[in-house]
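One structure is given here, and the rest of the page talks about it.
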Amino acid sequence: MGMLQRFENRLEQMVSGAFAKAFRSAVQPVEVAAALQREIDNSAQILSRNRRLVPNQFHVELSPQDHERLAPYSSTLTQELTEMLRDHADEQSYLFTGPISIRFDERSDLSTGRFRVRSAALAKVTPASEGSVTDTAVRRANVILEVNGMRHPLDPPGIVVGRGTDADLRINDPGVSRRHAEIRVHANDRTGTQVSVVDLGSTNGMLVNGSKAQQATLDDGATIKIGNTMMTVRFLPQSGAGNGRGDGGV
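So the sequence shown is numbered by the numbering used here: it starts at 2 and just counts up by one.
Now the structure itself:
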């Protein structure tokens, strides 16, 4: 029995006949399952002979009619699709960078029975001292680092970003070294806050604003890519104080 058939059988056992009736002339759950499998197969990036990196966040876009029909069953369907993707990843030696997330979104440009899948590989991001980064700390910061939906304050003297447990900001991305890069922060009464980034001898290097760099000064909106993870530096306006942006760039 194939994986998609097993998925369909499990789903039938968990929901009532109303589920099949709701999807009789619309998007079928097994079609979504097959599309998710194809998405990770087509997006797999080779890490080594037996390891390939695949997306872990998925958006299934549906027509308004299909989205309305699916809504009562979305929780059950998400659980089953997640389990199916884990099984498929185990069989194919795929590696997810973080927890699997599946969302169903309504799109007015789609007609009934049609859907599309969008995906991204987003690594789990964890401060070294979990719970220490509060909303208040972020609001008080002059500069923050945005990465995979998380906002981390950048205070002097800065932070080390990497995959290892001794990094100040841990990113569970196989393409990131244990101590990949250091983001340095220097506060000066005259020039304001200056921010720079230095590669710490990583295996895969880094891109700053799309260009390979060993070190660079960072302005507001500057991007740093390490592994498959993109980070963005944001300078926040402070009441009664200068903006403190660094001058220069890559």
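All residues carry an ideal CB built from backbone N, CA and C; glycine is no exception.
Simplified DSSP assignment, three categories, for residue i
{"i": "L78", "result": "helix"}
{"i": "M151", "result": "strand"}
{"i": "V61", "result": "strand"}
{"i": "H89", "result": "helix"}
{"i": "S120", "result": "strand"}
{"i": "R7", "result": "helix"}
{"i": "A39", "result": "It is Arg, not Ala, that sits at residue 39 in the sequence shown. Helix, per DSSP."}
{"i": "T113", "result": "coil"}
{"i": "S178", "result": "coil"}
{"i": "S44", "result": "helix"}
{"i": "T218", "result": "strand"}
{"i": "T204", "result": "coil"}
{"i": "G249", "result": "A caution first: G249 carries a pLDDT of 44, below 50, which makes its placement in the model unreliable, though a value can still be read off. Reduced to three states, the DSSP call for G249 is coil."}
{"i": "D190", "result": "coil"}
Contact under 8 angstroms by Cβ, residue i with residue j
{"i": "L5", "j": "A34", "result": "yes"}
{"i": "V196", "j": "L219", "result": "yes"}
{"i": "R191", "j": "V177", "result": "no"}
{"i": "R173", "j": "T98", "result": "As written in the sequence, residue 173 is Asn, which differs from the Arg given in the question. Their beta carbons are under 8 angstroms apart, which means N173 touches T98 by this criterion."}
{"i": "E183", "j": "V148", "result": "no"}
{"i": "S102", "j": "N57", "result": "yes"}
{"i": "N143", "j": "T204", "result": "no"}
{"i": "P175", "j": "G228", "result": "yes"}
{"i": "A90", "j": "V55", "result": "yes"}
{"i": "A168", "j": "A138", "result": "no"}
{"i": "V31", "j": "E9", "result": "yes"}
{"i": "V186", "j": "A217", "result": "no"}
{"i": "T230", "j": "A124", "result": "yes"}
Delimiting residues of the alpha helix (DSSP H) encompassing residue i
{"i": "V1", "result": "What the structure shows of the chain is the stretch from 2 to 251, and residue 1 is not part of that stretch, so it cannot be assessed."}
{"i": "S140", "result": "Checking the sequence, you will find Arg at residue 140 rather than Ser. R140 -> alpha helix (DSSP H) spans 136-141."}
Residue i, enclosing beta strand (DSSP E) - first and last residue
{"i": "D67", "result": "Premise fails: D67 lies in the alpha helix (DSSP H), 65-71, not in any beta strand (DSSP E)."}
{"i": "R164", "result": "That residue, R164, is in no beta strand (DSSP E); it is neither H nor E in DSSP."}
{"i": "T224", "result": "224-227"}
{"i": "M232", "result": "230-236"}
{"i": "I96", "result": "Per the sequence shown, the amino acid found at residue 96 is Leu instead of Ile. It spans 95-97 - the beta strand (DSSP E) in which L96 sits, taken as one unbroken run."}
{"i": "R104", "result": "102-107"}
{"i": "P128", "result": "126-128"}
{"i": "R52", "result": "52-55"}
{"i": "R171", "result": "170-172"}
Quiz prompt | Cβ contact (3+ pairs, closer than 8 angstroms) linking the segment 220-238 and the segment 147-165 | solution = The way I'd put it, the segment 220-238 does touch the segment 147-165; three or more beta-carbon pairs between them come closer than 8 angstroms.
Self-check item: Three-pair Cβ contact test at 8 angstroms for the segment 72-81 versus the segment 35-52
Solution: In this structure the segment 72-81 does not lie against the segment 35-52, because fewer than three pairs of beta carbons, one per stretch, are closer than 8 angstroms.
Quiz item: Looking at C-beta atoms only, is the number of pairs between the segment 80-93 and the segment 106-119 that lie closer than 8 angstroms three or more?
Solution: Result no; under three Cβ-Cβ pairs closer than 8 angstroms.
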